[in-house]
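Asks:
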Amino acid sequence: MPAELTRILPQSVPLSWYLILSAILFSLGVAGFLFRRNIITVFMSIELMLNAVNLTFVAFSYHLKQVDGHIFSFFVMVVAAAEAAVGLAIILTVFKNRSTLEIDEVNSMKL
Amino acid sequence: MDALLFLTFAGIAVLCGINLILQTHPISSALSLVGVMGSLAVLYLLLGGAFIAAVQLIVYAGAVMVLFVFVIMLLNAGAERKSSKPAVRAWISLPLIFTFVILLGGLIASRAPADAAVRFGEFTGGTAANIGRALFTAYLLPFEVTSILILIAILGAVVLARKEI
Amino acid sequence: MHHLWLIPAFPLAGFLINGIAGRRMPKTAVNIAAVGSVLLSFLWVLKVLAGLGSLEDAYIERYFTWIQSGFVNVSFDFAVDRLTAVMLMIVTGIGLIIHIYATGYMSHEGGYYRFFSFMNLFMFFMLTLVLGANYLVLFVGWEGVGLCSYLLIGFYFLKKSAGDAGKKAFIVNRIGDFGFSLAMFLIMVTFGSLDFGQVFAKAQPMAVEHQAGTVTLICILLMVGAAGKSAQLPLYVWLPDAMEGPTPVSALIHAATMVTAGVYMVARSAPLFNHAPIALDVVAVAGLLTAVMSATIGLTQYDIKKVFAYSTVSQLGYMFLGLGVGAYSAGIFHVMTHAFFKALLFLGAGSVIHALSGEQDLRMMGGLRKKIPVTFITLVCAAVAIAGVPPFSGFMSKDAILLSAHHHHPWMYWVGVITAGMTAFYVFRAIFMCFFGAYRGSAHPHESPVSMTGPLAILALLSLGGGYFNVPQYLEPMFGGQHAPHETTLVLISVMAGAAGILLAFLFYVIKPGLADGLSRAFGPVYRLVYDKYRVDELYDATVVHPIRDGSRLLLWRGFDVGVIDGVVNGAGSVARLIGGGLRHMQSGYIRRYAAWVVVGAIVLLAAAAGMGGQR
């Protein structure tokens, strides 16, 4: 089985495949943001977008044979963690005040 | 072997991503997101980022997602109900997203370096020692600043979670 | 330096004093300021004329450069020559007499100081008009007397008819002024200057235009201006309505001075008119037609002031006839004699009205000759003068004109004779209806005070003896027109026409009073047409006033003002609101919509990156 697979599969994965995968994951994150109504799910879509970007960073870090991409990715994770903490605290407050987790209910800042 | 691994885990990542946006209950979405993070960790490994893969699993999947699950269960909101008037109509958003994806993909495909290929083991700079060295020499300032950032985040979270607000 | 500027400056001072402080001054102070200023002006005129001698050439005083722009160079000058001298005497002399009369006539009226301030302002402008040494200074006076005419006609401004009459006078005048302005533009372009001396010097060597040319056009436009100011066809319609003003105003402005401004202006432009025989014919025919038409209307009117108003229009026609046939000095002579007897007629009518406490309808008068004898005698003097009875003033001036008319074109003479007959008829009709027969009214007639009868007496003497002032010989060297031979038959015929008119009036209104009504019933439709002033006012209303007003309302107001201008202004607001309403949706409060906008922006950026083909 591995022999046939090795014949049809490419020897090495082109870099563009990683990037396209990252693009697809990012778009899925955007789709989730636009379509879902639960605040927490929206937040998780944002985390998905951040992950996709991390993948791009690491891929290019490999391509340029430098470690800076990893550092970037590292900082992104740190910031994402901090943001998750504060964001969830805000969500908790919103839930305490409005007793709803629908993102469309939080719409009083409008013209 | 690389290609097989890549395709497998890329597929898992995409499927989990789709599952994230299609599920109605947030818990299911959270677990799908954990799945995505796991697959991405393997992909990082393939790209030579051992440290990053580990950090992804420990911090992201292990801490952040736990926090998410914790909050979901605390709020106990339940599954989403169908709504009559969505804020963004489907007939606008779908074309938008499609355009976005295609544009992005097209750009990447046309601009990406043609001969670049990823083979496992070619890049060995992603070790903890390497990252630690870079972190404490070239990127010292951002490192210290992020510590302050985390401090602020902690303060903010504590203030927000109080009862009087 | 004779300080000609003092002549108009005295009345201007009177205007300022009465206008600013007159309200708080006692009546005697107002009188002193008003009459005194005109008296001073009159005395200064006498002094200047005595000092200037025979005035073979014009005496010019230049004051300052008024307009200096490119080749347009107009300075503010006053000039005196023989024509100006005659006009100055008329304006200040008759003006003085009428001011004295007005102190008596207006003594019971409200706005006393305002009346005299306007009268003084009028004197200022009229004197500026007469003294001007170029067309533009003349025009300043021209416009100014039009303004004062409006102010004084509408003196009783609480009466709507008075206000309307004032507006009508001013607007119809304006039409004439437009013609005058066009003439001035043409003069400036053709001759390069507006100064009388320069223009006439440049015109002198030009050929006489037997076919229409620039000078003919200039002269016809000048005549349009004169027609507006001097109430000739077709712009005479304001003068009968102007009788809404107080009687001294009718006497001074609409008989003696302002309406003669047109005659003066045409006479002043004689060197130009002499080069355009076509224009002269236009002037003569216009004057003649006006004379005949308004005489016929005057036959039928019952308001004593309206009869005299149409008489004024008719006599002005005579003056223009005289100018048009080349007898400029005869025309100006008639200006002078007409000033005497027409002012007297109006002031006498004012005395009658004052005696009857405001009654103006001839049908309500009668048999007054025993009750107001001084007024009666002075009015009879004026009537015989205007009827052309020799050897009084009217006969001398009218005959000079008629003889020149016959010399020019005989048919003009015959039409003029018929008009003279009609003039005699309607004036004596008024006299007989007013002073003879039984009194048909209900007031208590009383004679007027000396302040009124005094001026009447002076004017009566002037009307009778004014024919001997030798004005034609005095003015002849200036105009050098044709001198008509003296034919006794023609003179006799015109005198007999006048006598026939008087006798007919006597027949109709003293011997057989019912005859006139019988005739008017027999000729019913014709009589009504003439009584309605040939419905000219209605014609103007339908053809000019209504189209302009309705067109204005529809096109300019609804179409342009409301539709376009308001539409643009309101439309700007509506457009702003529309755009705002559209942009409002960008801030709907829905977070996911904001995210959608972000995606749109990202797509735009990606497309730009793809389009630009850069690597960044």
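Chains as they are written, first to last, in the numbering used here: chain B, 1 to 111; chain G, 1001 to 1165; chain W, 2001 to 2616. Yeah, the Cβ is synthetic: ideal placement off N, Cα and C, and Gly gets one too. On a predicted model such as this, the values are computed, not experimentally measured, just so you know.
(1) With 16 as the cutoff for other CB atoms within 10 Å, does valine 2575 of chain W come out buried or exposed?
(2) If you measure from the CB of valine 2263 of chain W, is any heavy atom of the ligand ATP nearer than 6 Å?
(3) Do leucine 2127 of chain W and proline 2234 of chain W have their beta-carbon atoms positioned less than 7 Å apart in this structure?
(4) Where in the segment 2018-2062 of chain W do unbroken runs of the alpha helix (DSSP H), each at least 4 residues long, occur, reported from the N-terminal end onward?
(5) Output, in sequence order along the chain, the residues in the segment 2594-2613 of chain W whose CB is closer than 7 Å to any CB in chain B.
(6) May I ask which residues mark the beginning and end of the alpha helix (DSSP H) holding valine 1975 of chain W?
(7) Check whether chain B comes within 7 Å of tyrosine 2590 of chain W, counting only Cβ atoms and requiring the distance to be less than that.
(8) Out of curiosity, what's the CA-to-CA distance linking tyrosine 2302 of chain W and tyrosine 2101 of chain W?
(9) Label threonine 1137 of chain G either buried or exposed according to how many other C-beta atoms from any shown protein chain fall within 10 Å of its C-beta, with 16 as the threshold for buried.
(10) Who are the near neighbours of phenylalanine 37 of chain B in its chain, counting only those whose CB is closer than 7 Å to its CB and skipping five residues on each side?
(11) What does serine 1093 of chain G touch in chain W if you count any residue whose Cβ is under 9 Å from its own?
(12) Spatial neighbours of tyrosine 2328 of chain W within its chain, please: CB distance less than 6 Å, with the 5 preceding and 5 following residues excluded, ordered by chain position.
(13) I'd like to check one pair, valine 2259 of chain W with alanine 2291 of chain W: are the Cβ atoms closer than 7 Å?
(14) State the Cα-Cα distance for the pair tyrosine 2531 of chain W and isoleucine 2431 of chain W, rounded to the nearest angstrom.
(15) Could you have a look at asparagine 1986 of chain W and say whether DSSP puts it in helix, strand or coil?
(16) Whose C-beta lies closer than 6 Å to the C-beta of glycine 2061 of chain W among residues of the same chain, with five residues either side of it excluded?
(17) Does any CB atom of chain G fall closer than 7 Å to the CB of isoleucine 20 of chain B?
(18) Is asparagine 54 of chain B near serine 73 of chain B, with beta carbons less than 7 Å apart?
(19) Give, in chain order, every unbroken run of the alpha helix (DSSP H) that is at least 4 residues long and sits entirely within the segment 2431-2506 of chain W.
(20) Cα separation between leucine 2583 of chain W and asparagine 2570 of chain W?
(21) Going by beta-carbon coordinates alone, are alanine 2251 of chain W and alanine 2343 of chain W separated by less than 7 Å?
(22) Taking the straight line between their C-alpha atoms, what separation do you get for glycine 2294 of chain W and asparagine 2073 of chain W?
(23) From the DSSP output, in three-state form, read off alanine 1117 of chain G for me.
(24) Can you find the residues in the same chain that come closer than 7 Å, C-beta to C-beta, to phenylalanine 2013 of chain W, ignoring five residues on each side of it along the sequence?
(25) Which residues does DSSP list as the beta-bridge partners of aspartate 2361 of chain W?
(26) If you measure beta-carbon to beta-carbon, which residues of the segment 1028-1043 of chain G are closer than 8 Å to chain B?
(27) At the level of alpha carbons, what is the spacing between histidine 2438 of chain W and glycine 2501 of chain W?
(28) Output the boundary residues of the alpha helix (DSSP H) element that contains isoleucine 2386 of chain W.
(29) Applying a beta-carbon distance threshold of less than 9 Å, which residues of chain B neighbour glutamate 1080 of chain G?
(30) Give the straight-line distance between the Cα atoms of alanine 2339 of chain W and leucine 2046 of chain W, rounded to the nearest whole angstrom.
(31) In or out: methionine 2123 of chain W buried (at least 16 other Cβ within 10 Å) or exposed?
(32) Quick check on valine 79 of chain B - is its C-beta less than 7 Å from some C-beta in chain W?
(33) Kindly indicate which three-state DSSP category asparagine 2274 of chain W falls into: helix, strand or coil?
(34) Show which residues of chain W have a CB atom less than 8 Å away from the CB atom of glycine 1106 of chain G.
(35) Between W:Ala2169, W:Gln2198, W:Val2224 and W:Val2086, which lies nearest to alanine 2183 of chain W when the distance is taken from Cα to Cα?
(36) So for aspartate 2532 of chain W, helix, strand or coil by DSSP?
Replies: The short version:
(1) exposed
(2) With respect to the ligand ATP, the structure shown offers nothing to examine, as it has no ligands at all.
(3) no
(4) 2027-2052
(5) Ala2595, Ala2596 and Val2599
(6) Because chain W here runs from 2001 to 2616, residue 1975 of chain W falls outside it and cannot be looked at.
(7) yes
(8) 25 Å
(9) exposed
(10) For the sequence presented, residue 37 of chain B should be read as arginine rather than phenylalanine. For arginine 37 of chain B, where only same-chain residues beyond five positions count, the Cβ hits under 7 Å are Glu102, Ile103 and Asp104.
(11) Arg2592, Ala2596 and Val2599
(12) Ala2267, Ala2270, Phe2479 and Gly2481
(13) no
(14) 19 Å
(15) Summary: the structure shown does not reach residue 1986 of chain W, with chain W confined to residues 2001 through 2616, and so no result is reported for it.
(16) In the sequence as presented, glycine is not what sits at residue 2061 of chain W; that position holds glutamate. Closer than 6 Å at the Cβ level, and outside the excluded window around glutamate 2061 of chain W, lie Leu2004 and Phe2078.
(17) yes
(18) yes
(19) 2450-2465, 2471-2479 and 2488-2506
(20) 20 Å
(21) yes
(22) At residue 2294 of chain W the sequence reads serine, which differs from the glycine that was named. Approximately 42 Å, taken between the alpha carbons.
(23) strand
(24) Checking the sequence, you will find alanine at residue 2013 of chain W rather than phenylalanine. Contacts found: Ser2037.
(25) W:Asp2303
(26) Ser1029, Ala1030, Leu1033, Val1036, Met1037, Leu1040 and Leu1043
(27) Note that residue 2438 of chain W corresponds to alanine in the displayed sequence, not to histidine. If you take the alpha carbons of alanine 2438 of chain W and glycine 2501 of chain W, they lie about 23 Å apart.
(28) 2373-2386
(29) Arg36, Arg37, Asn38, Thr41, Leu101 and Glu102
(30) 19 Å
(31) buried
(32) no
(33) coil
(34) Ala2610
(35) W:Val2224
(36) coil
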